[in-house]
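Reminder that position 33 of the sequence shown reads as 728 in our numbering, one-by-one numbering, no gaps. The C-beta atom is built at its ideal place from N, Cα and C for all residues, glycine as well.
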Amino acid sequence: ALAALTDGASRWVDLFGAGDWADCLGVLRTEGAPGLLRRVRERELADAEAGGVRRWKLHDDATAVYVEPGP
């Protein structure tokens, strides 16, 4: 499998610590890029509502691509 993520999509692991890279690949495999991006946005929203660390911007552009080559 191959995954490519922008820094906005990698926030799920890098910034919020919601899982490690193996977990991230698992989400991409089972839920696809939309599932990972939904999780990132949910974390961003929860962080803002909880008065988390002040950030320059609430959202970052987020793109994810996941490919599993066939046989």
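Quiz prompt | For Glu700, three-class secondary structure by DSSP | solution = A quick correction: the sequence has Leu, not Glu, at residue 700. In the three-state DSSP reduction, Leu700 falls in the strand class (E or B).
Exercise. Run the proximity test for Val760: is its beta-carbon closer than 8 Å to any non-hydrogen atom belonging to the ligand MG?
Key: Absence of the ligand MG from the depicted structure is noted, as is the absence of any ligand whatsoever, leaving it without description.
Quiz item: Beta-carbon separation of Ala759 and Leu710 under 9 Å?
Solution: Contact: no.
Quiz item: Among all the DSSP beta bridges, which residues are the ones paired with Ala759?
Solution: Ala759 pairs with Leu700.
Exercise. Pick out whichever of Val762, Gly765, Arg734 and Asp756 has its Cα sitting closest to the Cα of Gly712.
Key: The option with the nearest alpha carbon to Gly712 is Arg734.
Quiz item: When you compare only the Cα positions, how much space is there between Glu737 and Ala743?
Solution: Cα to Cα, the separation comes out at about 10 Å.
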